[in-house]
Structure formats: C-alpha cells, structure tokens
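Enquirer: Mature numbering (1 follows the signal peptide of the UniProt record, and there is no 0) puts the sequence shown at residues -31 to -1, 1 to 888.
Just so it is clear, CB atoms sit at the ideal spot from N, CA and C, and this is done for glycine as well.
No experiment lies behind these values; they were computed from the predicted model shown.
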Amino acid sequence: MPVPRSLRSLLLHRTIGLALAACIGMPAAFADDPKPEKPPVDDPNPPKPAEPPKDEPPKPDEPKDEKPDEAKKDEKKAPPKKDENSDDKAEKKPKEPTNTIEARVKGQQKMEGLFPLYRDTKTGALRMEIAASQLNRDFIYVSQVSDGVVEGGHFRGQYRQKKVFRLIRRFDKIEIVESNPYFYYDEKSPLARSAGANVSPAVIDVMRIEAASGTGAERRFLVRADALFVDESFDPVKPPPLPGGANGGFSLGKLDKERSRVSLIRNYPENTAVVVDYVFVNPVPQNAGAGFEITDPRIVTVRVAHTLLAKPDDKFEPRLDDPRVGYFVDYQNDLTSTDITPWRDMISRWRLIKKDPEAPLSDPVKSIVWWIENTTPLELRPIIEKAALGWNKAFEAAGFTNVIVVKTQPDDADWDADDIRYNVIRWVASPQPPFSGYGPRFTNPLTGEILGADVILEYSTLAQLLQMRDVFEGDTAAAVWADPLPMTVETAKSDPRQMQAQCDVGTMLHQNLNYAMALSAVFDRPEDERKRLLEQTVAYLVTHEIGHTLGLTHNMMASQSLPYADAFKQAGGVKLGSVMDYPAINFAPPGKPQGDYFPTEPGAYDIWAIRFGYDPTVSDTAKRTALLARSTEKALAFANDADDMREPGKGIDPRINLNDLTDDAMRYAADRLALDRKALGEIAGRMVKPGESYQALRNAYLILTADMATQGRVISRYIGGVYVDKAVAGQKGAARPYTPVPMARQREAMKLLRDNIFAPEAFKVDASLLQQLGIERRGFFNFFGTDDPKPIARVANIQAGILYHLLHPVTLLRLTDSGLYGNEYPVVRMMTDLSEAIFDDDSRGSVNAYRQELQTLYVQFLMIVMEGGSHDYVSRAAALSNLRAIRNDMSRWRGDLATQTHRDHLAFLIDRILETDRS
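#1: Let me know the secondary structure DSSP gives residue 850 once reduced to three states.
#2: Keeping to the same chain, check which residues put their C-beta closer than 8 Å to that of residue 240; ignore five residues upstream and five downstream.
#3: Between the beta-carbon of residue 627 and the beta-carbon of residue 510, is there less than 9 Å?
#4: In chain order, what residues of the same chain have a beta carbon less than 7 Å from the beta carbon of residue 45, not counting five sequence neighbours either side?
#5: Mind checking residue 87: buried by the 16 CB within 10 Å criterion, or exposed?
#6: Only counting the same chain, and skipping five residues up and downstream in sequence, which positions put a Cβ closer than 6 Å to that of residue 517?
#7: Applying the criterion that 16 or more other CB atoms from any shown protein chain within 10 Å of the CB defines a buried residue, is residue 613 buried or exposed?
#8: Short check: CB of residue 321 to CB of residue 334, under 9 Å?
#9: Which runs of the beta strand (DSSP E), 3 residues or longer, sit entirely within the segment 246 to 300?
#10: Between residue 515 and residue 419, is the Cβ-Cβ spacing less than 9 Å?
#11: Would you call residue 790 buried or exposed, if buried means 16 or more other Cβ atoms sit within 10 Å of its Cβ?
#12: Going by beta carbon distance, what residues of the same chain come within less than 6 Å of residue 132, once the five residues before and after it are set aside?
#13: Output the distance between the C-alpha atoms of residue 543 and residue 568, rounded to the nearest integer angstrom.
#14: Below 8 Å, how does it come out for the segment 183 to 194 and the segment 96 to 112: are there three or more Cβ pairs, yes or no?
#15: Our contact map puts residue 664 next to residue 602 with C-beta atoms below 8 Å; I'd like the distance itself, whole angstroms only.
#16: Just checking my contact of residue 623 with residue 710 at CB under 8 Å: how many whole Å lie between their CB atoms?
#17: Going by DSSP in three states, residue 836 sits in which element: helix, strand or coil?
#18: What are the partner residues of residue 152, as DSSP defines its beta bridges?
#19: If you drop the 5 nearest sequence neighbours on each side, which residues of the same chain put their C-beta closer than 7 Å to that of residue 679?
#20: Quick check on residue 302: buried or exposed, where buried means 16 or more other Cβ atoms within 10 Å of its Cβ?
#21: Leaving aside the five residues before and after residue 767 along the sequence, list all residues of the same chain whose C-beta is less than 6 Å from its C-beta, in chain order.
#22: Just how far apart, CA to CA, sit residue 500 and residue 245?
#23: Can you have a look at residue 269 and say buried or exposed, based on whether 16 or more other CB atoms are within 10 angstroms of its CB?
#24: Using beta-carbon positions only, say whether residue 649 and residue 671 come within less than 9 Å of one another.
#25: Does the structure place the segment 314 to 333 close enough to the segment 360 to 375 that three or more beta carbon pairs sit under 8 Å?
#26: Cβ atoms of residue 421 and residue 298: under 9 Å apart, would you say?
#27: Take residue 506 and list the residues in its own chain whose beta-carbon comes closer than 6 Å to its own, dropping the five residues that flank it on each side.
#28: Mapping DSSP to helix, strand and coil, what is residue 624?
#29: Run through DSSP, which three-state label would residue 89 get?
#30: Measuring alpha carbon to alpha carbon, tell me which of 116, 74, 578 and 558 ends up nearest residue 647.
#31: Can you check DSSP and say which residues form a bridge with residue 134?
#32: Report the residue from 868, 781 and 631 whose alpha carbon sits nearest the alpha carbon of residue 536.
#33: Output yes or no for whether 9 Å exceeds the beta carbon distance between residue 722 and residue 690.
#34: So, using beta-carbon positions, are residue 845 and residue 834 closer together than 9 Å?
#35: Taking the alpha-carbon positions, what's the residue 154 to residue 304 distance?
#36: At the level of alpha carbons, what is the spacing between residue 478 and residue 555?
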C-alpha cells in the first residue's frame, strides 16, 4: 500500500529535524559510568543459606506494610527538566536519604549474602541492600524453573534466561540495566570509541532508595525488591506465542500479583537466589489441558528461581568456535573486524587449570563435581556414576586427570538440587514427561565460561509408558501438506540461539527402548539380556547428557562412522565416533550376535572435541590448526541439529540424520524393515497372555509400524540429497563443499521405498492380528472416538510422511538446482519413478485398500505441486506430465469392482483439475 503524500511529507520533515539536531549536538543522556571495581574473591566455604520466615498475614488491627506496587508510585512522576547551563552537580550529588538502613529494617530478618536481604516477618515484604562498591559493575542473572506445567511450557530443572546487568544509581533511585553482550570491539581499534552505538541497553527495573548507611566506599543503599522478582522484571515467565505456532492449545492466564509471592530465599557470598511462585489466572480457559497434572486450568502456579551472581574474574581465557567441531557458544559479532565472517563466538567450557602446568597429565585445580541426587533409585546409581566418570578418558587426552568427580547427595543433606552451587544429576517422575534426559548448563555470556550445570533424567525412560499420541494413531492422513513443523523448528526460525537448549534424545531413546523391549518379547530374549538393554540405555543417556554439560552439541553424523560389517559383532559393541548422536538402537536380528545396543562411552570424535575445548596447548594457533586439520577423518565427522534431515524439506545431507546407523544406512534400514515385518508376523503369538488385556499387542503393533516409518524416512532422504563437507579450502582429505548423491544411490533409495513402503503387501498383516488390537478401557476415555484398529489410516500417515519429503518444494527445487553441479537424477525422472512405484505393481489387477489410499493421496500431492505457489515451474511441469499419464492409465486399467470405482475416482479428480486449469 503506497504511503500517502501528506504522511511522506511529515516523515520527511521529521527526519530532517532529527538530522539537524544530531548535527547541532544534543546533551548526553547519561553521565559516564565509572570503571567497574574488581569483584570480590570467591569464598571457598560458602555458609548455609539463611531460612526465610514463614509467610504470616498481618493482624487486622495492625497496619499493613506498603504493597510492592506502592514502592513504584514515585517512579511514574516525570523527573524535573535538566538545566542545560548547569554543571551536572545535581546528578553527581543526588539528595541522600535521611533514614538509615538499621532503622528501616528494625525487627526484620536479615539474610547475609552477595546482596543482603531483609524479610518483614509480618507482611513478607522483601528488601535488598546494595553496596556502593556494587554499583556500575557487571553481574550475571540466571533463571531456572523449579516446578511447572509442561503444557504451559515449563518443567522442573529448565534453564530459562541469562543476562549481564549493572546497578546504576540515578538520583534517589537505582536502575537495573541489562547490557548487550553480542557485540565486541577490539580495544586497539579506533572504532572501539564508538562502542555501543545504536545498541540499546534495557532498563529492567527502577527501585527507589528507601534508606542508606555508611559513607564513601562503605556506603550502602536499601531498596524494595518484591516487584523486581514478582513482577517478572527479569524474566517474563509466560511464553510468548511463536510465529506459525498452533493456536487453541493450553496456555497460562494472566499473572496475578496478589497471589504470586516470594516462597524461598537462598543467600550466599557469591550469589543471591530468590524463588517465586507465579500464579496465573484465566477465569474461562479455552483448553483445560490434556493431563491430570493441571489441577485447575483456571489457576496454574509456576515456580521460578532467580539467581544473581557475582561476575567471575577476568582470568578465564575464552576459546573461539570453529565450524568443524560442535560446541554450544555465546554469540558475539566483532564490529571492528574486516573478516568476511566477523564472528567471535565463544565456546561453552569449564575453567580447568592444571595444578602442575608443566606436567603432561595433571589434576585440575578444581574438578567438576557431580552429585547424584538422593531421589535416584539405588540400583541405578552405580550405572550413572560409571557413565559420568567415563568422560575422564576424554580429558586425559587433553592433559587432565580426575576432571569428573561423582558424589552422592546424603539423605540428610541441608541443600537441594535447585541450589545453583551444586551440579546435580537429578531423577524425576513427571506425569507428562517432556524428555528422558536433559543436560543444560549456564555460562558467563561475556566469556563462555560454564558456571553450573544439571542433568535431569525422567523415570519414564525405563517405565515403558507408550504415549499413544506420540506414535500418531490418527484416523486420517488429511492436511499433511499444511502441517507446520514442530515447535522446536519454529523456535529455531524465530531465534536460532534458543536451539542451544533443545535436546530431544529422550523422545528418540523412549521410542528405541520400547522397540527393543517389544522385539525382546517377540524373539524371547532372556531376562539378563533385557537387563543389559536397560543398563546400556541409562548409561548412554547419562553419557550423552553429561556431554552437553561439558559444552558439546549433538553430532548427528557420528552414526556413519560405524562400518556396516561391524554392526553385529559381539566383541567391541557399538563403536561410534560420538555418543552425542541420536543413533538407531542396534538390535541384532535372529541368527546374528548381539553387540552393544547403544554407545556407552565417549568416542573418537568426543575425545578430539574435548581436546579442542580443554587442552591448554590448543591456545597456540599452530596447534589449534593442526588439531582441526584432522576433521576430515571418518571417525571425526561432525554436523549438528541445524544440518540434520529430521523434517521434510530440512537439511540436504542424508548422512546427517536421526535414528540411522552404519556407513551404509540405507542397507541397515532395509535390514530393520525386514526385521519389523518378521516381528509383525509373530507378535500375536508372543504378546497375548491369558488373563491380560490386548493392550500390549496393540502397543507392539504401533511400535513396529512406527519403526517402519522411521526407516522409510532414513531411506527417503537420499533422494535429492547433497553431501556436505565443511572442511576449509586446501585441507588434506577434504572434498568440495557440495557433492550431489550419485544417481545410482538415489534410484537405489527409490527401489527400497517401492519394495518396503509403497508395495501392495508392504504393511499387510494377518486379519487375526487386527482383530486382537484391543484397547484396555479406562473409564470414559476416548468418549468421542472409537476403539477399532485403523490400519489404513495409519499406513497412509506413514506413506504421506515419505511423500511429503519427496514432493516438498525444497526437495524438488534442489533436484533441479543440483543438476547444475553434478546431479544426474532430474525431477521428471524421479517423479516418473515414484509414479511407477505407486501404480505399476498392481496395474494389471485389483488394487487393495492400502494402495487405493496411497494412490489417491499421491494424486492429491501431484495436484498440490502443479497448482501450489511454493513449487518451481520445472516441478509443476513434471507433476502435470505425471497426472496426464496416470489419467490415461486409469482408462486402460480396470480390475474388480472396487478397483474400477477407485480408478474412476482418480480419473475424476485429475479431469477436474485439468479442466479447471484450462478454464
């Protein structure tokens, strides 16, 4: 819409006015901040936290203390206009409060720590003391969920925000100002004088000074702190709507400040922690949530711990990222650099210093101590400890011994897992688990130094709780094309930095464990073998999550390092390049020896990556270069979540995937499909037990068909795929950045899909099996649904997922684009092969119900390609050609009555769209 002339004129005049004002020169908004003073030295023996008093309501005849909002009334008044002729004396010498801190907090409980806190024992009002020496210095803020509701976007142990902030005094108030750590200025460059240009600091909160004591450097100020924490000043607890996110789901209501309260205070010399119970109220919720964990959807409480930390000293040396190795990073752009990629991203790593700097192997000055929480089942503690200590092997390659130390929290410990001073391996049992494992860490955003971490493990991993909705037991395959990508992908689109907190290994692991347990029952594996499966699952999960807490990202290419011939060797187990991948569980088919199910210790890539992050000698440029030059070795291949092909249209390299295994992943997937079909033929005789319901049999059917979908997905990614090499130019052993998958390999993938996913008998099972897929009734659940098995809809969903990728606009366009640099499998050939795979095998006979659904679905996909605005013209032309060919075949091929009506329907659909286009 064009801008009206009057509005353009107004904008022009306003722009000229602003430019003239800039040329004339405007007075500075803020006085120069004094340089930060050196932070206090860490106290090696922090005292126990002071216990806050219980909340007690004021008696009716006693005056109430002021409410948190009243402390802000004066802030709304406009400050007096500054005299431009003054010498800034008013700002340099603000009016001092007449009340002393001692008089103001008389009778209140004091909790010593980084910021001394005072709690009114009658009203619960919270005040905070700030020393003059703490003004104009950097501090770090971290928030963590202590308890929440998963459907509302919160779960126990979840790290949320981290910020760098300063306390700045302005007259009779103290501002909390968040600084922006994403930009770097080299002090040697004259451009450093422009640091902060056009970068807006955020004034998080303003607190009025109520009292003061002391003089000079010993001066102390008292402010009211309730609103700082209860009003969400630091961290907005209710998640904002994501762009493209689904509507209509459960969401939190409006924050009720009257019901919200400070519930716990922990204060130490180096950090101050305030825990707040946030109460969100929605009188008329549109969605009551899917689980029992929401007691009342109108009123939901989320408990969040806010921690203020003293910034560590400046002795930590940041280490910069390299794309050939995977670390979480704190992002920075160097605004004084002339490099083509002016990035100064700092990897996340712990501060490890050798006790003996000259020794090739030395203990660190300070180890990374992990505590196994006292909630952990006794039988799992040795497995967890061994898995965590396994990382010491990697640190030995970096020159350190005994980096990881594991202890068990005493049953009578006077601290809990929420205490940020402790790194805790926690075990929880949630009603709606968001994961099986989660290994977050928090860092100093200015350096990348890891300051603390946790590992949270969900008991559901071992409980075999099959979530029916997670294996898409849907009734229809409709609207597949329009389905949005998962929330994690939408999050990555809006802010890629947020993906650093994501780890979906639990979902993958849960599916794999259910799969293996089902196969163990079908093929009658002995009990000790099932026990080994559970132990290796826990060991893999812990090792993987500890890797995250050390700074390592996922490596979704590591599963390709295992030679296919070694997959089922009993000796040696699964030797992957990295434990940070999401590999397929290595379940040996009958007749082959069973090796390890999962990798249970760091692999060659993990050891190499730890050297990159922690070896002190890698600070030397030459040694760093030499170490990174090894990235072309097969065992050291790396790619992270941004590169994988988990979703249709996402990623380009089929070797970077989830739930695949070996350097011949297509062959391994074909083996799994054969194993799945064999198991489907035997589950009825193995899973049904006298006196029990048929629920276990139904679960097994869902699990096995879900694995068939997974293997089909792995195979499909080779069609239109492009191999990626991130080595630098001239690096030994490197290929060119982009090499299309050879045509023979792509057509092999199409043949496997034709035989195993699209074939008339691909998903056929005995009628007696379908008759036994009963659901165990629970009360009035499934009130508006039906219990009968729906195999046609289920198979159609699986096949639709494969078609979605093959006919995705990104995939089709890449087939054409890559034809300009080596691809020999054009869109028209691929689409013709796909049409033959879906129609030829029953072209001269009758078409069963599975294939009727598939063929109709495929025609609808082609119609969308031909008409859709997202597809390129080459793909539209190929779709039109195939629709015409299919239309001609429908007139020539007949079959039985059901087949004739099906083919007449396809002819009708195609005629209608072709006639519409002609008109």
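Expert: Taking the structure as given:
#1: Working through the sequence shown from its first residue, we reach residue 850 at position 881. Reduced to three states, the DSSP call for residue 850 is helix.
#2: Numbered from 1 along the sequence shown, position 271 holds the residue referred to as residue 240. For residue 240, where only same-chain residues beyond five positions count, the Cβ hits under 8 Å are 82, 83, 276, 277, 278, 279, 389 and 390.
#3: Taking the first residue of the sequence shown as 1, we reach residue 627 at position 658. Taking the first residue of the sequence shown as 1, we reach residue 510 at position 541. No; because the gap between Cβ atoms is not below 9 Å, this pair is not in contact.
#4: In the sequence shown, the residue the question calls residue 45 occupies position 76. The predicted position of residue 45 is uncertain, since its pLDDT is 42 and thus under 50; no value can be drawn from it.
#5: For the purposes of this step, residue 87 is taken as the residue at position 118 of the sequence shown. Under this definition residue 87 is a buried residue.
#6: To locate residue 517, count along the sequence shown from 1; it is residue 548. Same-chain partners within the cutoff: 408.
#7: Translated into the one-based positions of the sequence shown, residue 613 becomes position 644. By the neighbour-count rule (16 or more Cβ atoms within 10 Å), residue 613 is buried.
#8: Taking the sequence shown and counting its residues from 1, the one referred to as residue 321 is at position 352. Taking the sequence shown and counting its residues from 1, the one referred to as residue 334 is at position 365. Yes, the pair counts as a contact, with Cβ atoms nearer than the cut-off.
#9: 268 to 279
#10: Translated into the one-based positions of the sequence shown, residue 515 becomes position 546. Translated into the one-based positions of the sequence shown, residue 419 becomes position 450. Going by C-beta atoms, residue 515 is not nearer than 9 Å to residue 419.
#11: Sequence index remark: in the sequence shown, residue 790 carries index 821 (1-based). Exposed, because fewer than 16 other Cβ atoms sit within 10 Å of the Cβ of residue 790.
#12: Here residue 132 corresponds to residue number 163 of the sequence shown, with the count starting at 1. Around residue 132: 110 and 147.
#13: Here residue 543 refers to the residue found at position 574 of the sequence shown. Here residue 568 refers to the residue found at position 599 of the sequence shown. Residue 543 and residue 568: Cα-Cα distance of roughly 5 Å.
#14: yes
#15: On the sequence shown, residue 664 is found 695 positions in, with the first residue counted as 1. On the sequence shown, residue 602 is found 633 positions in, with the first residue counted as 1. At roughly 48 Å, the Cβ-Cβ gap does not stay under 8 Å, so residue 664 and residue 602 are not in contact.
#16: To locate residue 623, count along the sequence shown from 1; it is residue 654. To locate residue 710, count along the sequence shown from 1; it is residue 741. Yes, they are in contact, since the Cβ atoms of residue 623 and residue 710 sit about 7 Å apart, within 8 Å.
#17: Numbered from its first residue, the sequence shown carries residue 836 at position 867. Reduced to three states, the DSSP call for residue 836 is helix.
#18: Working through the sequence shown from its first residue, we reach residue 152 at position 183. The partner list for residue 152 (beta bridge, DSSP) reads 302.
#19: Locating residue 679 in the sequence shown gives position 710, counting from the first residue. The answer, listed in chain order, is 628.
#20: The sequence position of residue 302 within the sequence shown is 333, counting from 1. Burial call: exposed.
#21: For this step, residue 767 is matched to residue 798 along the sequence shown. Correct list, in chain order: 678.
#22: By 1-based counting over the sequence shown, the position of residue 500 is 531. By 1-based counting over the sequence shown, the position of residue 245 is 276. Whole-angstrom Cα-Cα distance: 42 Å.
#23: The sequence position of residue 269 within the sequence shown is 300, counting from 1. When all chains shown are included, residue 269 counts as buried.
#24: Mapped onto the sequence shown, residue 649 falls at position 680. Mapped onto the sequence shown, residue 671 falls at position 702. No, Cβ-Cβ distance for residue 649 and residue 671 is not below 9 Å.
#25: yes
#26: In the sequence shown, residue 298 corresponds to position 329, counting from 1. In the sequence shown, residue 421 corresponds to position 452, counting from 1. Contact: no.
#27: The count along the sequence shown starts at 1 and reaches residue 506 at position 537. Within the same chain, residue 506 has close Cβ partners 482.
#28: Looking up residue 624 in the sequence shown gives position 655. Coil, per DSSP.
#29: Numbered from its first residue, the sequence shown carries residue 89 at position 120. Three-state result, residue 89: coil.
#30: Along the sequence shown, one-based indexing puts residue 647 at 678. Taking only the C-alpha atoms, the option nearest residue 647 is 558.
#31: Working through the sequence shown from its first residue, we reach residue 134 at position 165. Looking at the DSSP assignment, residue 134 forms a beta bridge with 108 and 147.
#32: Here the question's residue 536 lines up with position 567 in the sequence shown. Taking only the C-alpha atoms, the option nearest residue 536 is 631.
#33: Translated into positions along the sequence shown, residue 722 becomes position 753. Translated into positions along the sequence shown, residue 690 becomes position 721. The answer is no: Cβ separation not under 9 Å.
#34: Against the sequence shown, residue 845 aligns to sequence position 876. Against the sequence shown, residue 834 aligns to sequence position 865. Yes, the pair counts as a contact, with Cβ atoms nearer than the cut-off.
#35: Position 185 of the sequence shown, counted from the start, is the residue given in the question as residue 154. Position 335 of the sequence shown, counted from the start, is the residue given in the question as residue 304. Taking the straight line from one Cα to the other gives about 6 Å.
#36: Within the sequence shown, residue 478 is the residue found at index 509, counting from 1. Within the sequence shown, residue 555 is the residue found at index 586, counting from 1. Computed Cα separation, rounded: 12 Å.
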